[in-house]
Ligand code: FRU
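In the numbering used here, the protein residues as written are 2 to 512.
Following this line, the structure appears as structure tokens:
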């Protein structure tokens, strides 16, 4: 029942857009310049140190891969409107995960369907044979979503590949697509591919309705089914989407495998959210001995996130980025001429707490580059002159409270009390664009004693990292004027405050 609602709510805009695009051709075939809409990166609510597309609709991060000094970020993109529509892969690159350069659209929909979410890898050994003149191909593995009979309830999804020999700037779709045809299952999407050294093969994690299936291939073209993962006790409130399987190591060197699974709806505070599983992967099966549902983010605005492929071994981090929104209201947030941003980039770490393994998400070190001024303030009340702020606070009691406010009397409250974390954005400014947005969110505190709180405020988001990311809360907010005041309770009076630079303004420091 809920799944039907999901499909209706998200994909129902498609029919309308399809009709419109019949009249006026979709972006397919248009030159990038014709798609340009005026944008300045100075609009109200425009994130100043998060990635957002110049204009129009964006959802999931896709094809994140590091190659030759660049972090690639492809993303679900509809270039003709600020709501979801026929999907393309937008593209941006960064040398440092913080400053981004927008590039032309990488993949356009075609007669096989829209280009849904997927991943990218560099085929260094040219296992696919698609490399040329000693150049390793960058290969994108994505889902084709084909709507049949102009009916968004009747669609078919298949997996396909495309390759680039010029660092992701231009792409050729493989001539024998699809590489994984549809076996007669409706939700069959979001391939995330990794190289598995032990078996010298590629492993694909694929979301199939309410399970994750694993496939293997020697060449990224011929795929063979391996196994399924869908334990009884997991969260099943919606369709499973955007899986990612990768190893993580604890500080004392214990290796475990982590499987991320996004789910929509069915998040603990409504709408979409990402659950994860910690276990073992033997090249065929993923198994776990835990039976506790775990959420990657305790906030409501981090969805469909996955990790970068091919980050150099000497770096060794598992780098993550999520879509900073929620399908509950993502298409209604009050921003123009674009909709939605990505979370801050984070590195994922494994930690053990009360005999269970958990994943911590730390903001990447590179973010320190955008600090422009750092001060220690001694007070339980802080006024901000700048609107781009990072704060470091230390609780001195088990229960604490942070109240952010502005000159318009808008208030955002984050607190820990009665073994619960509570995030209240009901009076945070613009909330009535959707009746779910202003709801108060609660999460159990996991019995963690909180020693450090790090807060990042951009114009329309607050990200709170507790204990070096052991717990994280990612939340959108649309205050009527910039947040300019913080009152703290149960917090040490010594607060570190960093003012941050915009990554989009011309006077930013050189990266
Ligand atoms: C997740 C998702 C994916 C799909 C894409 C379509 O947000 O539903 O499952 O590939 O968005 O845009």
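Even for Gly, the Cβ is constructed at its ideal location relative to N, Cα and C.
Review point. Going straight from the alpha carbon of residue 41 to that of residue 55, what length do you get?
Key: 8 Å
Check your understanding: Along the chain, which unbroken stretches of the alpha helix (DSSP H) at least 4 residues long are found entirely within the segment 173-239?
Key -> none
Review point. Along the chain, where does the beta strand (DSSP E) that runs through residue 498 open and close?
Key: 495-501
Review point. How should residue 379 be labelled, buried or exposed, when 16 other C-beta atoms within 10 angstroms of its C-beta is the threshold for buried?
Key: exposed
Point to revise | At least three beta-carbon pairs within less than 8 Å, the segment 260-277 to the segment 297-313 | key: yes
Practice item. Verify the contact flag: residue 77, CB atom, against every heavy atom of ligand 1, threshold strictly below 8 Å. Key: yes
Exercise for review: Pull up the distance between the alpha-carbon of residue 248 and that of residue 410, whole angstroms please.
Suggested key: 46 Å
Check your understanding: Which same chain residues, not among the five before or five after residue 172, have their C-beta less than 8 Å away from its C-beta?
Key -> 107, 108, 141, 163, 164, 165
Review point. With which residues is residue 91 paired in a DSSP beta bridge?
Key: 76
Exercise for review: Output the distance between the C-alpha atoms of residue 418 and residue 492, rounded to the nearest integer angstrom.
Suggested key: 13 Å
**Study point:** residue 242 Cβ short of 8 Å to ligand 1 heavy atom set
**Key:** yes
**Study point:** Beta-carbon proximity of residue 311 to residue 122, cut-off 9 Å
**Key:** yes
**Study point:** Under the three-state DSSP convention, the category residue 363 falls into
**Key:** strand
Point to revise | Buried versus exposed, by CB contacts within 10 Å (16 or more), residue 354 | key: exposed
**Study point:** Inter-residue spacing [alpha-carbon to alpha-carbon] between residue 38 and residue 114
**Key:** Only weak support exists for where residue 38 lies, its pLDDT of 49 falling under 50; the value from the coordinates is given anyway. The straight-line gap from Cα to Cα measures roughly 25 Å.
Check your understanding: So, is residue 421 buried or exposed, given that buried needs 16 or more other C-beta atoms within 10 angstroms?
Key -> exposed
Review point. Would residue 255 be called buried (16 or more neighbouring beta carbons within 10 Å of its own) or exposed?
Key: exposed
Point to revise | Best match in 370, 124, 295, 103 for proximity to residue 444 [C-alpha to C-alpha] | key: 295
Practice item. Compute the distance between the beta-carbons of residue 272 and residue 329, then report whether it is under 9 Å. Key: yes
Practice item. Report buried or exposed for residue 399, applying the criterion of at least 16 other Cβ atoms within 10 angstroms of its Cβ. Key: exposed
Exercise for review: Tell me whether residue 191 counts as near ligand 1, meaning its Cβ is closer than 8 Å to at least one heavy atom of that ligand.
Suggested key: yes
Practice item. Go through its chain and collect everything with a Cβ distance to residue 494's Cβ below 8 Å, but skip five positions before and after it. Key: 379, 380, 381
Point to revise | Buried versus exposed call for residue 161 [16 or more other C-beta atoms within 10 Å across all chains shown] | key: buried
**Study point:** Beta-carbon proximity check, residue 75 vs residue 91, cutoff 9 Å
**Key:** yes
Check your understanding: Who does residue 120 pair with in a DSSP beta bridge?
Key -> 142
Check your understanding: From residue 118 to residue 377, what distance separates their C-alpha atoms?
Key -> 43 Å
Point to revise | alpha helix (DSSP H) segments (min. 4 residues) lying fully within the segment 420-453 | key: none
Practice item. State yes or no: is the C-beta of residue 237 nearer than 8 Å to some heavy atom of ligand 1? Key: no
Review point. Are residue 479 and residue 461 close, meaning C-beta to C-beta below 9 Å?
Key: yes
Review point. Does the Cβ of residue 145 lie closer than 8 Å to at least one heavy atom of ligand 1?
Key: no
Practice item. Output yes if chain B places a C-beta closer than 9 Å to the C-beta of residue 122; else output no. Key: Of the chains in the structure shown, none is chain B; there is only one protein chain.
Practice item. Report the rounded CA-to-CA distance for residue 50 versus residue 501, giving the unit in angstroms. Key: 8 Å
**Study point:** residue 223 versus residue 174 - alpha carbon distance
**Key:** 16 Å
Check your understanding: Going by DSSP, what residues sit across from residue 256 in a beta bridge?
Key -> 250
Exercise for review: Pick helix, strand or coil for residue 279, following the three-state DSSP scheme.
Suggested key: strand
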